[in-house]
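Student: Dropping a structure here in structure tokens format, bear with me for questions.
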Amino acid sequence: MRTFLQAFTLLLFSFSFIFANDFREVREISLKKDEQKKILVKYDNKDKLFTFRWTLYKNGGLVVFRSYDRIVAQNVLYLRHKNQSFRFELKSRGRDFYKVPYMLVKFKEFDQKSQEAKFEIFLSDDKGQIVLEDLKTLKEG
5 MRTFLQAFTL LLFSFSFIFA NDFREVREIS LKKDEQKKIL VKYDNKDKLF
55 TFRWTLYKNG GLVVFRSYDR IVAQNVLYLR HKNQSFRFEL KSRGRDFYKV
105 PYMLVKFKEF DQKSQEAKFE IFLSDDKGQI VLEDLKTLKE G
């Protein structure tokens with residue numbers, strides 16, 4: 005029985021390492037309503053701008069507007085639901101068909117007292133091609 009438990013424990017830990025998400029960079033940020041976060045994404049002598057902000061928190065849903073490389077989208081994120089995050093690829097696949105670098109933005113918490121939404125930003129970039137640079141956060145309106 006002891007050998008079985010040791011083997012089971014070894015398998016459990018080895019599977020956790022195999023299936024773990026290796027994010028190269030993880031950031032936490034807090035934004036108030038209509039406060040815009042800007043991140044400059046740099047790779048291959050190119051600069052692309054990622055911006056996002058939230059405009060409404062109602063019934064546990066956070067309405068987020070985002071833009072990357074002039075492509076605009078809207079998401080509704082929930083804390084206790086599948087829709088906690090959004091993901092987008094940072095560069096096109098091109099002729100190198102590999103695991104494309106991407107960014108994942110996860111809605112982590114909403115502070116009712118300060119009216120701030122907290123997010124985690126994850127960068128997945130196996131080849132280390134992407135550099136993220138924070139730009140000044142702006143308050144709209």
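So that you can map any letter, position 70 of the sequence shown is 74 in this note's numbering, and since no number is skipped, the others follow by simple counting. Built from N, CA and C at the ideal position, the CB exists for glycine as well.
#1: Take the Cβ of Arg-57 as the centre, count every other Cβ of all protein chains shown within 10 Å, and call the residue buried at 16 or more, exposed below.
#2: Are three or more beta carbon pairs between the region 110 to 123 and the region 69 to 76 nearer than 8 Å?
#3: For Phe-126, report the span of its beta strand (DSSP E) as first-last.
#4: List in chain order: all unbroken beta strand (DSSP E) runs of 3+ residues lying wholly within the region 30 to 95.
#5: Pull up the CB-CB distance for Pro-105 and Ser-128, whole angstroms please, since I reckon it's below 8 Å.
#6: In the DSSP assignment, find the unbroken beta strand (DSSP E) run with Tyr-106 in it and report its ends.
#7: If we count the other Cβ atoms within 10 Å of its Cβ and call it buried at 16 or more, is Leu-66 buried or exposed?
#8: Can you check which of these residues, Gln-119, Leu-53 and Lys-122, is closest to Glu-93 by C-alpha distance?
#9: Evaluate Lys-41 with the Cβ neighbour count: other Cβ atoms within 10 Å of its Cβ, from every protein chain shown; 16 or more gives buried, anything less gives exposed.
#10: Work out the CA separation of Ser-118 and Phe-27 for me, nearest whole Å.
#11: For Gly-64, which residues of its own chain have a beta-carbon under 6 Å away from its beta-carbon, when the five flanking residues on both sides are left out?
#12: Quick check: what's the CA-CA separation for Ala-121 versus Gly-98?
Tutor: So, to answer that:
#1: buried
#2: no
#3: 120 to 128
#4: 39 to 47, 50 to 62, 65 to 72, 75 to 82 and 89 to 93
#5: 6 Å
#6: 106 to 115
#7: buried
#8: Leu-53
#9: buried
#10: 30 Å
#11: Tyr-82
#12: 35 Å
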